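Asks: In terms of my numbering, the sequence shown is residues 3 to 219. Glycine included, C-beta positions come from ideal geometry on N, C-alpha and C. What you are looking at is a predicted structure, and each value in this text was computed from that prediction instead of being measured.
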Amino acid sequence: MATNPNLTLTGPDLAALLCSRVCHDVISPVGAINNGLELLDEGGADADAMDLIRTSALNASVRLKFARLAFGASGSVGASIDTGEAERAAKDFAAAEKKTEVNWHGPRAIIAKNRVKLLLNLFLIAYGAIPRGGVIDITLENPEHDAVFTLVCKGRMMRVPPRLVELLSGTPAEAVDAHSIQPYYTVLLGEESGMAIDVVSTGEEIIFTARMAPADA
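1. Exposed or buried, which one is Arg161 when buried takes at least 16 other CB atoms within 10 Å?
2. Which residue marks the beginning of the beta strand (DSSP E) containing Pro213, and which one marks its end?
3. Going by CA-CA distance only, name the one from Gly33, Leu166, Val202 and Gly45 that's closest to Ser58.
4. From the DSSP output, in three-state form, read off His107 for me.
5. Could you compute how far the alpha carbon of Ser63 sits from the alpha carbon of Ile29?
6. Between the region 128-140 and the region 153-169, do three or more beta carbon pairs fall short of 8 Å?
7. Inspect the beta-carbon positions of Pro145 and Gly108 and report whether they are closer than 8 Å.
8. Alpha carbon to alpha carbon, how far is Leu190 from Arg56?
9. For Arg23, which of Tyr186, Lys100, Gly192 and Ile208 has the nearest alpha-carbon?
10. Evaluate Ala17 with the Cβ neighbour count: other Cβ atoms within 10 Å of its Cβ, from every protein chain shown; 16 or more gives buried, anything less gives exposed.
11. Using C-beta distances below 8 Å, list every residue in its chain close to Ala98, excluding the 5 sequence neighbours before and after it, in chain order.
12. Just reading off the beta strand (DSSP E) that Phe68 is part of, what are its end residues?
13. Please confirm if Leu42 has its CB atom under 8 Å from at least one CB of chain C.
14. Which ranges would you report for the beta strand (DSSP E) in the region 132-164 if only whole runs of at least 3 residues count?
15. Quick one: what's got a C-beta closer than 6 Å to Phe125's C-beta in the same chain, skipping five residues either side?
16. CB Asn6 to CB Glu193, shorter than 8 Å?
17. Here's a check: name, in chain order, each residue in its chain whose Cβ is nearer than 6 Å to the Cβ of Ser203, leaving out the five neighbours to either side.
18. Just to confirm the assignment, what range does the alpha helix (DSSP H) spanning Ser30 have?
19. Ignore the nearest five residues each way along the sequence and tell me which others in Ala215's own chain have a CB closer than 8 Å to its CB.
20. Run through DSSP, which three-state label would Val167 get?
21. Assign Thr262 to one of three DSSP states: helix, strand, or coil.
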């Protein structure tokens, strides 16, 4: 059960907002596919139209596959997931955008589903913390037991996500909407997984960490 006072959404509201988030992520590439088809219908440059369609279709596919792991069921309740799937999803997500390099370190393991979801949602937050692109180094330590996940991001115009800090601090937060549901879900996953989340900015990099919380926490 969640102990953070900010985690107050009901199940239906959480599901609705997560659906809105996924729709927001895929509507742009799907719209671009439609634009490419319209260009073909109008007799526009075939090569340019097909390039737009291919690129947008790949982007939409990558985002949906990522969302399936990060937000979806990905198997039955209580199922485990191979961290190799998470690595591929994160690298494909970044490669489709072509602005951020992802380096992945640590052993491959089959671990609890919510831990994988937490890791991927932390990746999304780290990705958003460097909007102009950069590098994200992801390290998994002892993922099957006393897991520690560390994500270090570097880039131009770095910014610590204010909603994440607000949620982690437990101070009163604004109403959750489709824009803030993703950090909300990340904090909820941390509690459900028994992992404490921390974020530190050094000025040169932003470090996100999730580690197993003490038993008496």
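Replies: This is what the structure gives:
1. That one is exposed.
2. According to the sequence shown, residue 213 is Arg rather than Pro. Under the DSSP assignment, Arg213 falls in the beta strand (DSSP E) whose first and last residues are Ile208 to Met214.
3. Gly33
4. Looking at His107 - three-state DSSP - the assignment turns out to be strand.
5. Answer to the nearest angstrom: the Cα atoms are 12 Å apart.
6. yes
7. yes
8. Each residue's CA atom was taken as its position, placing Leu190 and Arg56 some 36 Å apart.
9. Tyr186
10. exposed
11. Leu60, Asn61, Val64 and Arg65
12. Looking at the DSSP string, Phe68 is not in any beta strand (DSSP E); the run it does join, the alpha helix (DSSP H), is Asp48 to Ala72.
13. Among the chains in the structure shown there is no chain C, since it carries only a single protein chain.
14. Qualifying beta strand (DSSP E) stretches, in chain order: 136-143 and 150-157.
15. Ala92
16. yes
17. Val162
18. Gly13 to Asp43
19. Gly196, Met197 and Ala198
20. Under the three-state reduction of DSSP, Val167 is assigned to helix.
21. Here the chain covers residues 3 to 219 and nothing more, so residue 262 does not appear.
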